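Remarks on the structure that follows.
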Amino acid sequence: MLSFLDMVNHYLGYINVSVKIKNRIYVILGMLGDIYLFYIGIRYLQNGHPFWGLLILLIALALLYFEYLNTIYYFTDKKAPFDISPKIEKLLHIKPKEAELEDNKHHAMRGGRNIPANGYFDEKKILPGKLKSSAVETQNIQTLATRLQQNQLLAMDYSGLGEREIMEQTQKNGKPVYASGPGAMIPYFEMQSEGNQLVVYAGMNQAEKQRVGSVSTVGLQNVQDVRDQFELYLANATLVGGPFKVLGRTSLIEQPNDFQVAVQLAYKHSDDAASTGDTTVSSRRQRYDEPSAATSNDDEPMTRTSRYHH
20 MLSFLDMVNH YLGYINVSVK IKNRIYVILG MLGDIYLFYI GIRYLQNGHP
70 FWGLLILLIA LALLYFEYLN TIYYFTDKKA PFDISPKIEK LLHIKPKEAE
120 LEDNKHHAMR GGRNIPANGY FDEKKILPGK LKSSAVETQN IQTLATRLQQ
170 NQLLAMDYSG LGEREIMEQT QKNGKPVYAS GPGAMIPYFE MQSEGNQLVV
220 YAGMNQAEKQ RVGSVSTVGL QNVQDVRDQF ELYLANATLV GGPFKVLGRT
270 SLIEQPNDFQ VAVQLAYKHS DDAASTGDTT VSSRRQRYDE PSAATSNDDE
320 PMTRTSRYHH
């Protein structure tokens with residue numbers, strides 16, 4: 020019996036199913052194994068071995084309690100009464116799943132980030148942008164989302180969360196939970212100046228790039244006002260949105276929704292490029308030979324906050 024359960028557990032690792040379904044299968048397998056332990060314990064008692072029989076029965080009862088907790092957790096949206104899991108986590112210094120996910124998120128932000136193919140920009144000089152997309156450009160975004168899913172670059176699994184986790188998250192934040200999770204980085208993107216517009220193209224690669232919109236705002240300002248003072252570069256483009264779940268009266272409701280492209284733009288003062296190209300070795304020496312000379316703030320790129328006070 021135990022060999023059979025071990026074999027099933029081994030082959031489950033090769034099946035690509037959601038985490039919730041796999042955990043439900045493990046709960047069922049655990050019940051079968053627990054029934055087998057009860058059978059062994061009873062057989063020991065019948066054969067005149069009370070010590071081993073009672074010990075095995077006690078272990079089976081303890082496992083039955085945890086099977087009950089897992090059944091409530093993975094098969095219902097309720098909270099099991101008499102749950103001692105928090106006390107065990109505190110005693111053994113085990114972090115709950117929510118804390119582990121939060122730690123993994125912070126770890127990814129510290130050192131596990133994906134750097135876009137077009138380079139790394141200083142985060143202090145990056146502002147969120149907003150795209151204005153026509154009907155054709157919106158359809159191009161939906162086509163891109165389909166291509167990302169076909170190539171397994173966009174997972175629509177609600178970040179592996181089950182119904183209970185999604186419900187708790189919606190109750191806590193009051194916001195919808197998207198099937199795409201935080202979104203997916205677009206493999207190829209670029210920004211071109213076309214007339215008075217900054218047009219963004221995106222796709223699986225350069226050969227498949229399609230127009231997805233034009234930048235309308237940068238930070239809190241109109242893009243035209245920012246272009247008069249700064250040079251803008253497309254730092255990042257991410258596919259976000261799509262279907263989401265919200266909390267209804269008694270259960271979660273999934274709503275259809277279009278995908279969108281979220282962009283971030285890096286900025287640099289327009290005078291920086293010219294001053295960098297005209298700087299010579301002699302001017303550098305002169306600068307360092309005059310330590311008392313003060314540097315004008317107008318020659319430096321504005322920070323994210325100071326730019327709004329000019």
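With my numbering applied, the sequence shown closes on residue 329, and no number is skipped along the way.
Beta carbons are placed, not taken as given, at the ideal position from N, Cα and C, and that holds for glycine.
Bear in mind that the values here come from a model prediction, so they are computed numbers and not experimental data.
Next on the checklist: asparagine 159 and glutamine 229 - do their beta-carbons sit closer together than 7 Å?
Outcome noted: yes
Checklist entry - Sorted by chain position, which residues of the same chain lie with C-beta nearer than 7 Å to lysine 97's C-beta, five sequence neighbours on each side aside? => result For lysine 97, where only same-chain residues beyond five positions count, the Cβ hits under 7 Å are Ile91.
Checklist entry - Can the beta-carbon of methionine 223 be found closer than 7 Å to that of arginine 268? => result no
Next on the checklist: For glycine 214 and glutamine 243, I'd like the C-alpha separation in whole angstroms.
Outcome noted: When rounded, the distance between both Cα atoms is 12 Å.
Next on the checklist: To the nearest angstrom, how far is the alpha carbon of glycine 52 from that of isoleucine 40?
Outcome noted: 19 Å
Checklist entry - What number of angstroms, rounded off, separates the C-alpha of isoleucine 272 from the C-alpha of threonine 189? => result 11 Å
Checklist entry - Where in the region 175 to 234 do unbroken runs of the beta strand (DSSP E), each at least 3 residues long, occur, reported from the N-terminal end onward? => result 207 to 213, 216 to 222
Checklist entry - What residue from Ala256, Pro275, Phe263, Arg62 has the CA that sits closest to leucine 284's CA? => result Ala256
Next on the checklist: Based on DSSP bridge pairs, tell me the residues matched to threonine 236.
Outcome noted: Lys149, Asn241
Checklist entry - Which value, in whole angstroms, describes the spacing of the CA atoms of glycine 232 and alanine 281? => result 10 Å
Item to check | Simplified DSSP assignment, three categories, for lysine 264 | outcome: strand
Checklist entry - Is it right to say glutamate 142 is buried, meaning 16 or more other beta carbons lie within 10 angstroms of its own, or is it exposed? => result exposed
Checklist entry - How should glycine 148 be labelled, buried or exposed, when 16 other C-beta atoms within 10 angstroms of its C-beta is the threshold for buried? => result Buried, because 16 or more other Cβ atoms sit within 10 Å of the Cβ of glycine 148.
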